[in-house]
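Remarks on the structure that follows.
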Amino acid sequence: MIDNYGFTEFQRQVIAEFRANGGKVGGMFEGWALVLLTTVGARSGLRRTNPLGYLEIDGQPLVVASAMGAPASPAWYHNIRKNPMVTVETGTETYPAIAAIPAGEERDALFAEVVRRDPGFGEYQAKTTRTIPVVTLHRVEPGADRVRGLGDFLVESHDWLRQELTDLRRQLNADPAAIERTPPGLAQELRTHCLTFCEALKEHHTGEELGAFPMLAQRFPALAPALAKLSEEHAVVARLQAEIQRLVDGYRPGESDPAALRAELDRLAAELEAHFAWEERTVVTALNAMGPAPEF
Ligand SMILES: [Fe+2]
Ligand SMILES: [Fe+2]
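In the numbering used here, the protein residues as written are 7 to 302.
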């Protein structure tokens, strides 16, 4: 019986039994590995808890949005497309996680393994034309002792770029007369430093556009609008960089106005700091859940 909350009395009993017995449920679920997944309602904004079949493949916890082969995906799946932050209860522990939706070959390989372990999921797939999604659950681990993740790596890259830009501006502001010296004086040095910084920033943004962002947009559909906006900001930053490059390249000691270059660098610094800050708020948790930082 479905009540007003879209919840069956049966589900309520399963959840209560699960919580009372350390994750074990009898009756038709006897011997099954279950998990309680709490999502935030896509429309209601309220927390919803669903008992689901639970699998671990190569140590990766996952659930399957089979809805027993129904034509439409279950509500909890729509919820995580809107907000991937979830709570996972295994019976012995409860932890916050971010739910990802692997696509293409990665999804197919996981689903094949799911079916190998539990052929019932293959029967569900046969009942419906939709591709049954596999949802991987990635524990969000707060605290300093966790593994340094991809998100931490992003913040470190930002911090390095922040420092470089600060140094560049200090170089320009410390001794206004210095830039007036003829090359290979400070003007030349500034040119070199500027080029190094601009190349590093360009490389950072290219890496995001080609690597991190498409991966995140695919796995976390809820992030897609924010990622599109971040990409637009990259274009704004690139235009500012081009203008700075033009001013630095065309700089003639004694003729050019250092104030114009200073103003452009200030604009870039403000624009970039806003971009970094928002990017860090938006993607760091998701990136940390995706894997460890690269080692050099
Ligand atoms: Fe960025
Ligand atoms: Fe970035």
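For each residue, glycine too, the CB sits at the ideal point set by N, CA and C.
query: Alpha carbon to alpha carbon, how far is V46 from P80?
result: As a first step, residue 46 is located in the sequence shown; it is residue number 40 there, counting from the start. As a first step, residue 80 is located in the sequence shown; it is residue number 74 there, counting from the start. Cα to Cα, V46 sits roughly 13 angstroms from P80.
field: Where A266 sits in the DSSP three-state scheme
entry: Position 260 of the sequence shown, counted from the start, is the residue given in the question as residue 266. Three-state DSSP puts A266 in a helix.
query: Buried or exposed: which applies to E279, given that a residue is buried once 16 or more other Cβ atoms fall within 10 Å of its Cβ?
result: Taking the first residue of the sequence shown as position 1, residue 279 is located at position 273. Exposed: under 16 other Cβ atoms inside 10 Å.
message: Assess contact between the segment 55-65 and the segment 106-114, defined as three or more Cβ pairs (one per stretch) separated by less than 8 angstroms. Is contact present?
response: no
field: Where G213 falls, given that 16 or more other Cβ within 10 Å makes a residue buried
entry: Stepping through the sequence shown from its first residue, residue 213 is reached at position 207. Around the beta carbon of G213, fewer than 16 other beta carbons lie within 10 angstroms, which makes this residue exposed.
field: Coil, strand or helix - A299 by DSSP
entry: Along the sequence shown, one-based indexing puts residue 299 at 293. Coil.
field: Residues that G51 bridges to, as DSSP identifies them
entry: Within the sequence shown, residue 51 is the residue found at index 45, counting from 1. DSSP output for G51 lists no bridge partner at all.
query: If you draw a straight line from the alpha carbon of A275 to that of R252, how long is it in whole angstroms?
result: Within the sequence shown, residue 275 is the residue found at index 269, counting from 1. Within the sequence shown, residue 252 is the residue found at index 246, counting from 1. Roughly 17 angstroms separates the two Cα atoms.
query: Smallest Cα separation from G37: which of D124, E112, L222?
result: Position 31 of the sequence shown, counted from the start, is the residue given in the question as residue 37. Ranking D124, E112, L222 by Cα distance to G37 puts D124 first.
- request: Compute the minimum distance between the beta carbon of E301 and the heavy atoms of ligand 1, and state whether it is under 7 angstroms.
  value: Locating residue 301 in the sequence shown gives position 295, where the first residue counts as 1. No - ligand 1 has no heavy atom lying nearer than 7 angstroms to the Cβ of E301.
query: Tell me the DSSP bridge mates of T142?
result: For the purposes of this step, residue 142 is taken as the residue at position 136 of the sequence shown. Paired residues: L68, A106.
Identified DSSP bridge partners for E62: The residue labelled residue 62 in the question sits at position 56 within the sequence shown. Looking at the DSSP assignment, E62 forms a beta bridge with P67.
field: Whether L207 touches L222 by CB criterion (8 angstroms)
entry: Residue numbering aside, residue 207 sits at position 201 when the sequence shown is read from its first letter. Residue numbering aside, residue 222 sits at position 216 when the sequence shown is read from its first letter. No, the pair does not count as a contact, with Cβ atoms beyond the cut-off.
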